[in-house]
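Numbering (UniProt numbering), first residue to last: 1 to 278.
And the structure:
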C-alpha cells in the first residue's frame, strides 16, 4: 500500500475529486436529463399521432369534471361560440419555422358556457420588431376545429405589459392572461388547425421524431464510466514509471522483460567483422 501514498498528494486528490464529481453528475443529472427529455418527447409524439387518427370531440367533453389532463393534450376538439372583439393578446419572442413571430391569442366565448383562450396563429414582425396590422377575428357564431393545449406556465421576471396598443405576454398561460384581461378563462387553450375562422399563420405541429436525446443520454452514461477508467489508467501509468525509476536494470517491466544489452566495444565490433585472432 505504501506504493499508493502518492495518491494523497494535492494534485492527485483534486484530480480524483473532479473525476468523481463528473461521474456523479453524469449518472444523476446529465444522463437522466437527456433520457427524461427523450421520454417526454416520445409521450408527446404518441399523443399527437393518436390525435391524427381520432375524430374531433366537442370541447365541452374535455372541460367537464376535473378538466383536461396532460393525456388529453393535442386532442382534436370542436368549439362553437364567438370571439370577444378587440381582445387580442400578443405572445412575444416566439420562433416559428426558424423565424421570429408574434402569436395572437383571442378569448372565445363557448355556446356551452365558459370562455377559452384561442391561439389564432402567428404574424411576422415588420421593420425589426414592429407589430404588423393584425386582422380582427370574425364576429358572430363560428365553429373551430382545434387542438387542446395545456398552459405553458410562466417565469417570475417575465411580466406582461402593454405596448403599441396590445397587451403582450411571454408565455401562453391562461391564468396569467386571465389576470391581465379580467376574464374568467379555462386553464387550457386551443391551437387552431388550418383554414379556421379567424386563423392567421398556421403553427406547425412538432416533428414526430424522438430527436437526439436518447443518444445524448447514452453518451453521458458512457462518459460517466470512462472518467473513472481514465483515472485508473493514470494511476497505473504512474506506478509503472515509479517502478522504472526504482529498478532501472529491470526496465520497470512487471512481466520481467530482459534489460537492454550493453553497447559493444570497438574491439568486439572489429572481431565480428574480420574474425577473432587465434
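Every residue, glycine too, gets a C-beta built ideally from N, C-alpha and C. On a predicted model such as this, the values are computed, not experimentally measured, just so you know.
What does the alpha-carbon distance come out to for the pair residue 55 and residue 77? 8 Å
If you draw a straight line from the C-alpha of residue 16 to the C-alpha of residue 151, how long is it? 45 Å
In whole angstroms, what is the alpha-carbon distance linking residue 10 and residue 219? 30 Å
Alpha-carbon spacing of residue 115 relative to residue 107, whole angstroms: 7 Å
8 Å CB neighbourhood of residue 209 in its chain, flanking five on each side removed: 45
Hey, out of 124, 140, 50 and 225, whose CA is closest to residue 98's CA? 124
Rounded separation between residue 196 and residue 103 - CA only: 16 Å
Backbone CA spacing between residue 20 and residue 120 [nearest angstrom]: 51 Å
With a threshold of 6 Å on Cβ separation, who are the neighbours of residue 111 within its own chain once the five nearest residues in sequence on each side are excluded? 80 and 81
N-terminal and C-terminal residue of the alpha helix (DSSP H) that residue 115 is part of: No alpha helix (DSSP H) holds residue 115; the beta strand (DSSP E) holding it covers 115-123.
By a C-beta neighbour count over all protein chains shown, 10 Å radius and 16 as the cutoff for buried, is residue 207 buried or exposed? exposed
In angstroms with no decimal places, state the Cα-to-Cα distance between residue 136 and residue 162. 18 Å
Which same chain residues, not among the five before or five after residue 238, have their C-beta less than 7 Å away from its C-beta? 6
Is it true that the stretch 26-33 meets the stretch 190-204, where meeting means three or more beta-carbon pairs spaced less than 8 Å apart? no
Near residue 143, what residues of its chain come up, given a Cβ to Cβ distance below 8 Å and the 5 sequence neighbours on each side ignored? 78, 79, 80 and 197
Nearest-angstrom Cα separation, counted from residue 215 out to residue 199: 38 Å
Can you give the Cα-Cα distance for residue 227 and residue 22, rounded to whole angstroms? 8 Å
Per DSSP, what kind of secondary structure is residue 166 in: helix, strand or coil? strand
Residues in the same chain with beta-carbon distance under 6 Å from residue 4, minus the five sequence neighbours each way, listed in chain order, please. none
If you drop the 5 nearest sequence neighbours on each side, which residues of the same chain put their C-beta closer than 8 Å to that of residue 221? 26, 27 and 31
Near residue 184, what residues of its chain come up, given a Cβ to Cβ distance below 7 Å and the 5 sequence neighbours on each side ignored? 115 and 178
Run through DSSP, which three-state label would residue 103 get? strand
Enumerate, from N- to C-terminal direction, the unbroken beta strand (DSSP E) stretches of 3 or more residues contained entirely within the stretch 179-213. 185-192
Rounded to the nearest angstrom, what separates residue 117 and residue 40 at their Cα positions? 25 Å
Sort out for me which residues DSSP pairs residue 95 with in a bridge. 100
Member of 213, 95, 50 and 166 whose CA lies at the smallest distance from the CA of residue 37: 213
Please report the Cβ distance between residue 149 and residue 193, rounded to the nearest whole angstrom; I am assuming they are in contact, meaning their Cβ atoms lie under 8 Å. Contact flag wrong, Cβ pair sits at about 12 Å.
Excluding sequence positions up to five away, which residues of its chain have a Cβ less than 7 Å from the Cβ of residue 134? 88, 104 and 123
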